[in-house]
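> One structure follows; several queries about it will come next.
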């Protein structure tokens, strides 16, 4: 019953690795742990090799031929052979019975491609002390693509994928090595856009750790907004290319339009990369305090859009 390949990109995660690897080793249905060291400068590689010595039949250690976490993930996928794929960040953990619960669900629900569950978000201060835990409960959503476009987000640790959908995404160039932020959000949103069926398995089975400034997510806020707009522009293009019913397409675009309003609230000079109707905005994901200035932001963005020369 060795069915699950766990793929972990590792860069300077020495303080977390032991806890992370132990959380995986304890899982049932585990076939292999593929660890891709992304040219770490701390003791990460040493820890990986020590675990490989202890568990030579389970842990395989490689060095990323290129650089970057998405390149490491893609390289790791090339090495794996499991029927199910677990993506895992080196500083997050799995909780007991994750694989036994999620694998058994997939085995009895052939219509599902990807499963997700509830998860914990743990907060740490600069000294590495846990200061808070927040429960992130999920549900049987009728339209998971809609949830992802709203940014109802989960970390990679929360999901378990059938190999077939992971192979399909790999052929599409996901994980995208050029993506600098929200890499997991892009990956699973593209999966949903490609028709992957997401199913909910109740229970808390993973932990996402939020810690100090060493995380990839620590980036200039305005820079993140600009990169987010670029990513969501790609989502918008795919949505328009897909044969979604008109009402669903309009609903999906309303989420992305709301994110444009939010971005321009914090960074007005970012402008609109496209034009859209103010009547097609999902105002439920725009904070009510922004509603009073939203018409002015919209008018400014539209004027700037039409006055900007097109290449």
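In my numbering, the protein residues as written are 186 to 496. Backbone N, C-alpha and C fix where the C-beta goes; we use that ideal spot for every residue, glycine too.
Flag this pair as yes or no: are the beta carbons of residue 219 and residue 187 separated by less than 9 angstroms?
No, these two residues do not count as a Cβ contact at 9 angstroms.
> Look up residue 307 in the DSSP assignment and give the residues it is bridged to.
The partner list for residue 307 (beta bridge, DSSP) reads 318 and 394.
> Over the uninterrupted alpha helix (DSSP H) stretch that includes residue 271, give me the two end residues.
Residue 271 -> not in any alpha helix (DSSP H); beta strand (DSSP E) instead, spanning 269–272.
> Decide if residue 462 is buried, meaning its Cβ has at least 16 other Cβ atoms within 10 Å, or exposed.
Classification for residue 462: exposed.
> Quick one: what's got a C-beta closer than 8 angstroms to residue 362's C-beta in the same chain, skipping five residues either side?
Contacts found: 251, 253, 255, 256 and 259.
> How is the alpha helix (DSSP H) around residue 464 delimited, first residue to last?
No alpha helix (DSSP H) holds residue 464; DSSP gives it neither H nor E.
> To the nearest angstrom, how far is the alpha carbon of residue 390 from that of residue 341?
In a straight line, the C-alpha of residue 390 is about 12 angstroms away from that of residue 341.
> So is residue 198 buried or exposed if we call it buried at 16+ other beta carbons inside 10 Å?
By the 10 Å Cβ count, residue 198 comes out buried.
> From this set, 339, 388 and 280, which residue's C-alpha is nearest residue 212's C-alpha?
Nearest of 339, 388 and 280 to residue 212, Cα basis: 280.
> Going by C-alpha distance, which of 456, 467, 465 and 472 is nearest residue 484?
Closest option to residue 484, Cα to Cα, is 456.
> Under the three-state reduction of DSSP, which class applies to residue 194: helix, strand or coil?
Strand.
> Spatial neighbours of residue 296 within its chain, please: CB distance less than 7 angstroms, with the 5 preceding and 5 following residues excluded, ordered by chain position.
Closer than 7 angstroms at Cβ, skipping near neighbours: 382.
> For residue 222, which three-state DSSP category applies?
Three-state result, residue 222: strand.
> Nearest-angstrom Cα distance between residue 228 and residue 235?
If I take the Cα positions, the gap works out to 11 angstroms.
> Going by beta carbon distance, what residues of the same chain come within less than 6 angstroms of residue 486, once the five residues before and after it are set aside?
The residues are 449, 456 and 457.
> Cutting at 8 angstroms between CB atoms, please list the residues of its own chain near residue 478, excluding the five before and the five after it.
Once the five neighbours on either side are set aside, the close Cβ partners of residue 478 are 450.
> What does a CB cutoff of less than 7 angstroms around residue 435 pick up in its chain, not counting 5 residues either side in sequence?
Here the set comprises 465.
> What are the start and end residues of the alpha helix (DSSP H) that includes residue 203?
Its alpha helix (DSSP H) spans residues 199–210.
> Answer yes or no: does any C-beta atom of chain C fall closer than 9 angstroms to that of residue 272?
Among the chains in the structure shown there is no chain C, since it carries only a single protein chain.
> Could you check whether residue 307 and residue 393 sit closer than 9 angstroms to each other, using their CB atoms as the reference points?
Yes; because the gap between Cβ atoms is below 9 angstroms, this pair is in contact.
> To which residues of the same chain is residue 317 closer than 7 angstroms at the C-beta, ignoring the five residues directly before and after it?
Around residue 317: 308.
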